[in-house]
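Colleague: Numbers 56 to 467, taken from the numbering used here, label the letters of the sequence shown in order.
Ideal Cβ positions, reconstructed from N, Cα and C, are used throughout, including at glycine.
Here the structure is a predicted model, which is why all the values come from computation and not from measurement.
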Amino acid sequence: MIGTGSLICMMAFGQGVQHNVKQQFDDLGLFNYIVVSQERETSDPAAPEAAVPPLDEALMESLCKLPHVEGAYPELRFPAMVRIGEIEQFTLVQVLPAQSLSFSVVPIIAGETLSAEDPQGAVVSMGFLRQLGAHPPPSHLGASVEIRTLTLDFGLESLLKMVFSQRRGLPIGQKDYAFHVRGVSSRAGMGGSIPIRSEVIIGMQAAAAMDKLEINSLVDFFNSDTPPGTFNSITVQVDSPTHVDAVRDTLKKQGFQTFAMLDQMEEMKQGFIIMDLFLLAIGMIGTLVSSLGIVNTMVMTVMERYREIGIMKAVGAPDRDIRAIFIVESGLIGLIGGLMGLLLAWMVSHTINFIVNVVGVRQGMPPMTYFTFPLWLCISGVGLAILVSIVAGLAPAQRAASVDPVSALRHD
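1. Which residues in the same chain have their Cβ closer than 6 Å to the Cβ of SER92, if we skip the five residues on either side of it in sequence?
2. Take ILE142 and list the residues in its own chain whose beta-carbon comes closer than 6 Å to its own, dropping the five residues that flank it on each side.
3. MET136 lies in the beta strand (DSSP E); which residues open and close that run?
4. So the candidates are LEU387, ILE89, PHE183; which of them puts its Cα closest to the Cα of HIS195?
5. First and last residue of the beta strand (DSSP E) that includes LEU151?
6. Would you call VAL413 buried or exposed, if buried means 16 or more other Cβ atoms sit within 10 Å of its Cβ?
7. Specify whether the segment 415-425 and the segment 63-77 touch according to this definition: at least 3 beta carbon pairs, one from each stretch, less than 8 Å apart.
8. Which class does LEU205 belong to by DSSP, given the choice of helix, strand or coil?
9. Reducing DSSP to helix, strand and coil, say where ARG360 ends up.
10. So ILE445 and GLY392 are in contact, right, with Cβ under 8 Å, and what is the actual spacing, rounded?
11. Kindly provide the ranges of any alpha helix (DSSP H) runs that are 4 or more residues long and lie completely inside the segment 308-336, ordered along the chain.
12. Alpha carbons only, please: which of ALA135, MET316, VAL148, LEU169 is nearest the one belonging to GLN229?
13. Anyone know if the C-beta pair for HIS298 and HIS123 falls short of 7 Å?
14. Have a look at TYR88 and MET316 and give me their C-alpha separation to the nearest angstrom.
15. What's the gap between the Cα of MET395 and the Cα of GLY60?
16. Relative to the C-alpha of THR206, which candidate in ALA198, MET181, TYR232, ARG185 has its C-alpha closest?
17. Would you identify the three-state DSSP class for PHE80, choosing helix, strand or coil?
18. Taking the alpha-carbon positions, what's the LEU114 to VAL107 distance?
19. Whole angstroms are fine: how far does the CA of ASN351 sit from the CA of MET56?
20. Return helix, strand or coil for GLY126, following the three-state DSSP convention.
21. What does DSSP give as the partner residues of GLY238 in its beta bridges?
22. Is DSSP giving GLY258 helix, strand or coil here?
23. Once the 5 residues before and after MET339 are set aside, which same chain residues still bring their CB inside 6 Å of it?
24. For the beta strand (DSSP E) containing THR285, list its first residue and its last residue.
25. According to DSSP, what are the bridge partners of LYS537?
26. Rounded to whole angstroms, what's the CA-CA distance from GLY69 to LEU397? Just pull it up for me.
27. Give the straight-line distance between the Cα atoms of LEU62 and LEU347, rounded to the nearest whole angstrom.
28. PHE234: buried (16+ other C-beta within 10 angstroms of its C-beta) or exposed?
29. Measure the C-alpha to C-alpha separation of VAL150 and LEU85 and round it to an integer number of angstroms.
30. Does the distance from the CB of MET259 to the CB of PRO152 come in under 7 Å?
31. Among VAL148, LYS368, LYS120, which one has its Cα closest to the Cα of ALA456?
32. In terms of residues, what are the limits of the alpha helix (DSSP H) holding VAL437?
33. Going by other Cβ atoms of all chains shown within 10 Å of its Cβ, with 16 needed for buried, is MET402 buried or exposed?
34. Identify the residues that DSSP records as bridge partners of GLN418: which are they?
35. Work out the CA separation of GLY326 and GLU384 for me, nearest whole Å.
36. Here's a check: name, in chain order, each residue in its chain whose Cβ is nearer than 7 Å to the Cβ of PRO296, leaving out the five neighbours to either side.
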């Protein structure tokens, strides 16, 4: 029972980790987008550069017309300090052009999405409001949002301060811009080949008038080859993960390099398999130790029923029937132990899950299910317990079948 329970509990934890990762990817919509860049996947150096269209607004319009594509938007983000009320927090602000406003990049749960008629409107994620200790979404619609950007200040005053104050690093300046909450989204905006969360989304019209550092990564900081009016990458939002491969094949035929989180998930599945095998190996140790107890139990049963075995053989019971009796008995022990182990694993896992969630909620974490019991795991766990018990009972059953009836009847 203990061995089976520990094995099922560890495997349930592994399944829970996989379920939570996949659920978070689904909730963030990571399986529904494709990141398009201009680096060609062809290895032919003679291929013309003009064969790959530039990543500009015209390309985004053409991408939006592809089948199963809900919309496309560039990867434009900048770091900023965002203040709502008396609390401020550092985050990445995502910028969307006018043609991307026709579809919702993130689900809106209160208010409205961005609009070209309201350039100072911003969409803020519900998670960001929770981090700021905000109240329910409707109470923050229309609230003022102050976005403080970082800029490179090469003015004379800034340079003099660097020289005379012996300040190291780049001359970083700050500028404040006023926005208001137009809508609240259920989740943060995501994008890029390495998914980056953007808790605040504004329109390109307002962003164009802001002095800011448009840096998504260190690569962007040192990359100065992007022509004006073009983007480093474009995110294509697909209506369903089942259509991602078809859309990606179309983009590859046009010469673009593509990246989809579905590929990353396939690699993660390989890691999950290794983790499951590791947990299975640890759990099997306890199961094998438990099998020794079954062997000992069955040996004692044979000794206690030695005279009874002799009587059955004396009246004509064949060896196979004697053997079958003890094998079935071993299997029943495994069945009862497997069911009790499954119940024990369920009780222990739910207790651990409850305690962890109580502590996590107090720390501001959302409740999660850390143990998952799929049907195949429950059946396999009980089946493995029965199999191990039958194997452990083979030797005692063979010993019972080989009992000499004459000596058994003389046994007291």
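Modeller: Based on what the coordinates show:
1. Your numbering for residue 92 matches position 37 in the sequence shown. Excluding residues up to 5 positions away in sequence, SER288, GLN312 lie with their Cβ nearer than 6 Å to the Cβ of SER92 in the same chain.
2. In the sequence shown, residue 142 corresponds to position 87, counting from 1. The residues are LEU187.
3. Working through the sequence shown from its first residue, we reach residue 136 at position 81. Per DSSP, the unbroken beta strand (DSSP E) holding MET136 starts and ends at 132-139.
4. What you label residue 195 is simply residue 140 of the sequence shown in a count that begins at 1. The shortest C-alpha separation from HIS195 is found at PHE183.
5. Mapped onto the sequence shown, residue 151 falls at position 96. Annotation: the continuous beta strand (DSSP E) that includes LEU151 extends over 142-151.
6. One-based indexing of the sequence shown puts residue 413 at position 358. Label assigned to VAL413: exposed.
7. Result yes; three or more Cβ-Cβ pairs closer than 8 Å.
8. Counting from one through the sequence shown, the residue named residue 205 turns up at place 150. Note: LEU205 maps to strand in three-state DSSP.
9. Looking up residue 360 in the sequence shown gives position 305. Coil at ARG360, not helix or strand.
10. The sequence position of residue 445 within the sequence shown is 390, counting from 1. The sequence position of residue 392 within the sequence shown is 337, counting from 1. Between ILE445 and GLY392 the beta-carbon gap is near 12 Å, outside 8 Å, which marks them as no contact.
11. The segment 308-336 contains no whole alpha helix (DSSP H) run of 4 or more residues.
12. Within the sequence shown, the letter at position 174 stands for residue 229. The residue with the shortest Cα to Cα distance from GLN229 is ALA135.
13. Working through the sequence shown from its first residue, we reach residue 298 at position 243. Working through the sequence shown from its first residue, we reach residue 123 at position 68. Yes, the pair counts as a contact, with Cβ atoms nearer than the cut-off.
14. Locating residue 88 in the sequence shown gives position 33, where the first residue counts as 1. Locating residue 316 in the sequence shown gives position 261, where the first residue counts as 1. For TYR88 and MET316, the distance between alpha carbons rounds to 8 Å.
15. Along the sequence shown, read from residue 1 onward, the residue named residue 395 stands at position 340. Along the sequence shown, read from residue 1 onward, the residue named residue 60 stands at position 5. In this structure, the CA atom of MET395 is about 8 Å from the CA atom of GLY60.
16. The residue labelled residue 206 in the question sits at position 151 within the sequence shown. Residue TYR232 is the option with its Cα nearest to THR206.
17. Here residue 80 refers to the residue found at position 25 when the sequence shown is read from its first residue. Looking at PHE80 - three-state DSSP - the assignment turns out to be helix.
18. Within the sequence shown, numbered from 1, the residue matching residue 114 stands at position 59. Within the sequence shown, numbered from 1, the residue matching residue 107 stands at position 52. Approximately 11 Å, taken between the alpha carbons.
19. The sequence position of residue 56 within the sequence shown is 1, counting from 1. The sequence position of residue 351 within the sequence shown is 296, counting from 1. Cα to Cα, MET56 sits roughly 15 Å from ASN351.
20. Position 71 of the sequence shown holds residue 126. Looking at GLY126 - three-state DSSP - the assignment turns out to be strand.
21. Here residue 238 refers to the residue found at position 183 of the sequence shown. GLY166, VAL178.
22. Translated into the one-based positions of the sequence shown, residue 258 becomes position 203. DSSP places GLY258 in strand when its eight states are reduced to three.
23. Translated into positions along the sequence shown, residue 339 becomes position 284. Exclusion of the five residues before and after MET339 leaves no residue of its chain whose Cβ lies closer than 6 Å to its Cβ.
24. By 1-based counting over the sequence shown, the position of residue 285 is 230. Annotation for THR285: no beta strand (DSSP E) segment contains it, and DSSP assigns it neither H nor E.
25. As displayed, the chain neither begins before 56 nor continues past 467, which places residue 537 out of reach and without an answer.
26. Your numbering for residue 69 matches position 14 in the sequence shown. Your numbering for residue 397 matches position 342 in the sequence shown. Straight-line Cα distance between these residues: approximately 16 Å.
27. As a working mapping, residue 62 is identified with position 7 in the sequence shown. As a working mapping, residue 347 is identified with position 292 in the sequence shown. Cα-Cα distance, rounded: 16 Å.
28. The sequence position of residue 234 within the sequence shown is 179, counting from 1. The residue is buried, with at least 16 neighbouring Cβ atoms inside 10 Å.
29. The sequence position of residue 150 within the sequence shown is 95, counting from 1. The sequence position of residue 85 within the sequence shown is 30, counting from 1. The alpha-carbon atoms of VAL150 and LEU85 are separated by roughly 18 Å.
30. Counted from its first residue, the sequence shown places residue 259 at position 204. Counted from its first residue, the sequence shown places residue 152 at position 97. Against a cut-off of 7 Å, the Cβ pair of PRO152 and MET259 comes out as a contact.
31. Looking up residue 456 in the sequence shown gives position 401. Checked all of VAL148, LYS368, LYS120; the closest Cα to ALA456 is LYS368.
32. By one-based count along the sequence shown, residue 437 stands at place 382. Run containing VAL437: 430-456, per the alpha helix (DSSP H) assignment.
33. By 1-based counting over the sequence shown, the position of residue 402 is 347. Exposed is the call here.
34. Numbered from 1 along the sequence shown, position 363 holds the residue referred to as residue 418. DSSP lists no beta-bridge partner residue for GLN418.
35. Residue numbering aside, residue 384 sits at position 329 when the sequence shown is read from its first letter. Residue numbering aside, residue 326 sits at position 271 when the sequence shown is read from its first letter. Taking the CA atoms as reference points, GLU384 sits about 40 Å from GLY326.
36. Within the sequence shown, the letter at position 241 stands for residue 296. Answer for PRO296: PHE86, ASN87, LEU317, listed in chain order.
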